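Numbered per numbering that gives the first Met the number 0, the sequence shown spans residues 0 to 272. Working notes for the structure below.
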Amino acid sequence: MKYSSGSDVVLSAAVWKLYLECCKRFYLSCCIGICSPTRIVDWLAQNFKRDEGIDLLKDKQALQRLTETAEKAKMELSSLTQTSIRLPFITATVEGPKHIDTTLTRVKFEELCSDLLDRLRGPIETALKDANLSFKDLDEVILVGGSTRIPAVQELVRKMTRKEPNVTVNPDEVVALGAAVQAGVLAGEVSDIVLLDVTPLSLGLEILCGVMTKIIPKNTTLPTSKLEVFPTAADGQTSVEIDVCQDGISHVPLGVPQILVKFGIDAEGIGMK
Numbered sequence: 000m001k002y003s004s005g006s007d008v009v010l011s012a013a014v015w016k017l018y019l020e021c022c023k024r025f026y027l028s029c030c031i032g033i034c035s036p037t038r039i040v041d042w043l044a045q046n047f048k049r050d051e052g053i054d055l056l057k058d059k060q061a062l063q064r065l066t067e068t069a070e071k072a073k074m075e076l077s078s079l080t081q082t083s084i085r086l087p088f089i090t091a092t093v094e095g096p097k098h099i100d101t102t103l104t105r106v107k108f109e110e111l112c113s114d115l116l117d118r119l120r121g122p123i124e125t126a127l128k129d130a131n132l133s134f135k136d137l138d139e140v141i142l143v144g145g146s147t148r149i150p151a152v153q154e155l156v157r158k159m160t161r162k163e164p165n166v167t168v169n170p171d172e173v174v175a176l177g178a179a180v181q182a183g184v185l186a187g188e189v190s191d192i193v194l195l196d197v198t199p200l201s202l203g204l205e206i207l208c209g210v211m212t213k214i215i216p217k218n219t220t221l222p223t224s225k226l227e228v229f230p231t232a233a234d235g236q237t238s239v240e241i242d243v244c245q246d247g248i249s250h251v252p253l254g255v256p257q258i259l260v261k262f263g264i265d266a267e268g269i270g271m272k
């Protein structure tokens, strides 16, 4: 099982047979890797507004400094029980410059992110359920992504899987190592591994009344293609508007999900991904 908590959460239940099969994959767009620094920023800004009456979130320069400091604090709390946050001259008033000098403990950080940690339980359970696996079927749990260094994340995985996470591989490098193996497979230099990936979200078309008809269900092994026939909706209809839909997108703020659409035309027709 591969557990990632970086910019996206990717949960893949993988089984080694004669090939490596990515059985199921589940994406969670807004995850602890992206959202936890924001919680620190909000905490710092709220405390400063309470003490000084100034909203730093409306100051772009101050917000940038808060964001950079929050990311640094998040990383430090993976190995320290507390970290000092010092931001001199964060803003100024007629009375003079204002500063931030405070301490953030790991306990407080975990409190700020408690709901994010709770949200990670569902994807773990869903990935295994979709793969028809249970926690006892797992041989190893590999941590992927720098944010899996957060002790609370590791403890959550440990409690749910009842296994000690495998930390022998650098979580920042494990994806690159996997890509190198896949490159070897594609180049013909590695012959004893075949990777079968899956599509994480269902793909379909919108029909009448805004209803989506799934063409390719999520967790379908790639590559794949499927042909469906649809009739026209009215007499004398000379054109068709095709709305391609993909479900499974998390309920997150506007603009957070980034959707890539690519058209390609080959000798056999047109395809999109």
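We treat Cβ as the ideally placed atom computed from N, Cα and C, and that holds for glycine. Since the model is a prediction, treat every value here as computed from it, not as a measurement.
CA-CA distance, Q236 and L207?
15 Å
Nearest-angstrom Cβ-Cβ length linking L155 and L116, presumed shorter than 8 Å
6 Å
Taking only three categories from DSSP, how would you classify I229?
Rather than Ile, the amino acid found at residue 229 in this sequence is Phe. Here F229 sits in coil by DSSP.
For D50, does the three-state DSSP call read helix, strand or coil?
helix
For M211, which option in G144, F229, A233 and G187 has the closest C-alpha, if you only look at C-alpha atoms?
F229
N165 and V305 - do their beta-carbons sit closer together than 8 Å?
Because residue 305 is not part of the residues shown, which for the chain are 0 to 272, the question remains open.
Under the three-state DSSP convention, the category D114 falls into
helix
Alpha carbon to alpha carbon, how far is P252 from I215?
26 Å
Per-residue DSSP class, three states only, for S28:
Because S28 sits at a pLDDT of 43, beneath the cut-off of 50, its placement in the model cannot be relied upon, and the following sentence gives the value as read from the coordinates. Coil.
Assuming L55 and A72 form a contact by the criterion Cβ under 8 Å, report the distance between their Cβ atoms to the nearest whole angstrom.
Incorrect: roughly 16 Å between the Cβ atoms, too far for contact.
C-alpha distance - T189 paired with T37, whole-angstrom precision:
Residue 189 is actually Val in this sequence, not Thr. Approximately 42 Å between the Cα atoms of the pair.
Per-residue burial, K217 [other beta carbons within 10 Å of its own, 16 or more giving buried]:
Burial call: buried.
Does the distance from the CB of M159 to the CB of I192 come in under 8 Å?
Against a cut-off of 8 Å, the Cβ pair of I192 and M159 comes out as no contact.
Just to confirm my understanding: we take C244, look at its own chain, exclude 5 residues before and 5 after, and list those with CB closer than 7 Å. What are they?
Shown here for C244: same chain residues with a beta carbon closer than 7 Å to its own, the five before and five after excluded, namely G203, L204, E205 and M211 in chain order.
Going by DSSP, name the residue or residues bridged to P96.
In the DSSP assignment, the residues bridged to P96 are A91.
G203 - partner residues in DSSP beta bridges:
K213 and C244
Three-state class that DSSP yields for V143 in the structure shown:
strand
Where do the ends of the alpha helix (DSSP H) carrying E67 lie?
K59 to E75
Measure how close the beta-carbons of A61 and I84 come, nearest whole angstrom, since I'm counting them as under 8 Å.
About 13 Å separates the two Cβ atoms, so there is no contact after all.
Name the residue from A182, E70, V40 and A179 whose alpha carbon lies nearest to the alpha carbon of K57.
V40
Pick out whichever of G209, G183, Q181 and L221 has its Cα sitting closest to the Cα of D200.
Sequence inspection shows Leu at residue 200; the Asp mentioned does not correspond to that position. Cα-wise, what sits closest to L200 is L221.
Under the assumption that K97 contacts E67 (Cβ atoms under 8 Å), give the Cβ distance between them as a whole number of angstroms.
Contact doesn't hold; Cβ gap of about 18 Å is too wide.
Among the candidates L176, A91, I53 and T104, whose CA atom is the shortest distance from the CA of A69?
T104
Using the Cβ count rule (16 or more neighbours within 10 Å means buried), how would you classify V197?
Looking at its Cβ environment, which holds 16 or more other Cβ atoms inside 10 Å, V197 is buried.
How many whole angstroms separate the CB atoms of V174 and V143, which I take to be in contact at a CB cut-off of 8 Å?
6 Å
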